[in-house]
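Inspection log for the structure reproduced underneath, given as structure tokens.
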Amino acid sequence: MPVALIVLLVLVVALAGLYLWTRIAPRTVRAEIEIDASPDRVWEVLVDFAAYPEWNPFIVSAAGEARTGARLTNRMANGDRVMTFTPKVLVAEPGRELRWLGRLGVPGLTDGEHYFRIEPAGDGRSRLVQGERFTGVLVPFLGRALDVADGFAAMNAALKARVEKMPG
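Going by my numbering, the letters in the sequence shown line up with residues -1 to 166, in that order.
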């Protein structure tokens, strides 16, 4: 068997192993916050993508519709890195959940399933849970590029402030 074929086979097996490992043990990031407003009011601000530049320090602009199957165009600022990505909306349940899938390149390299869950927290309050599950062969090598917890927390706090300032 030629050496090149053996090297190729080892590479394919290694990449398949990395892919399976990140599917079994994905890298996850999560942040939550309580908001003094109903889930419907939180949803209203969350999906008003045109207003993101006014208040959102993490996803600094967004365009598209919060509709299952729709494609969004989001611009994210994380520290000194700015990135534009075009995720596909997987779930859009008003007042409950917005979830999308973003990919870096082809499927399986780096996939990020991002979600916002809005849960009733009693007394007219809501709990917003924002998270992401990263899978793919490049995930183990991306390190700090996937450190988005501070961005999630900043967005959650800014969303809380905006919702709680709304009249009525």
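Even glycine gets a Cβ: it sits at the ideal position worked out from N, Cα and C. Just so it is clear, the structure is predicted and the values come from calculations on it, not from any experiment.
### Task
Following the continuous beta strand (DSSP E) through Leu102, name the residue where it begins and the one where it ends.
It spans Glu95 to Leu102 - the beta strand (DSSP E) in which Leu102 sits, taken as one unbroken run.
### Task
Kindly give me the distance between the Cβ atoms of Arg65 and Phe132, rounded to whole angstroms, as I take these residues to be in contact under 8 Å.
Contact between Arg65 and Phe132 is ruled out by a C-beta separation of about 24 Å, above the 8 Å threshold.
Under 8 Å, do Leu136 and Leu44 count as touching if we go by C-beta distance? No, these two residues do not count as a Cβ contact at 8 Å.
Q: Provide the residue span of the alpha helix (DSSP H) that contains Phe114, from first to last.
A: According to the DSSP assignment, Phe114 belongs to no alpha helix (DSSP H) but to the beta strand (DSSP E) extending over Thr108 to Gly120.
- Task: Could you check which residue in Val27, Asp38, Thr71 and Arg94 has the C-alpha nearest to that of Ala48?
- Result: If we check each option's Cα against that of Ala48, Thr71 comes out closest.
### Message
Helix, strand or coil for Glu63? Go by DSSP, reduced to three states.
### Response
The DSSP-derived three-state label of Glu63 is coil.
Next on the checklist: Just to confirm my understanding: we take Ser59, look at its own chain, exclude 5 residues before and 5 after, and list those with CB closer than 6 Å. What are they?
Outcome noted: The answer, listed in chain order, is Tyr50, Pro51 and Arg73.
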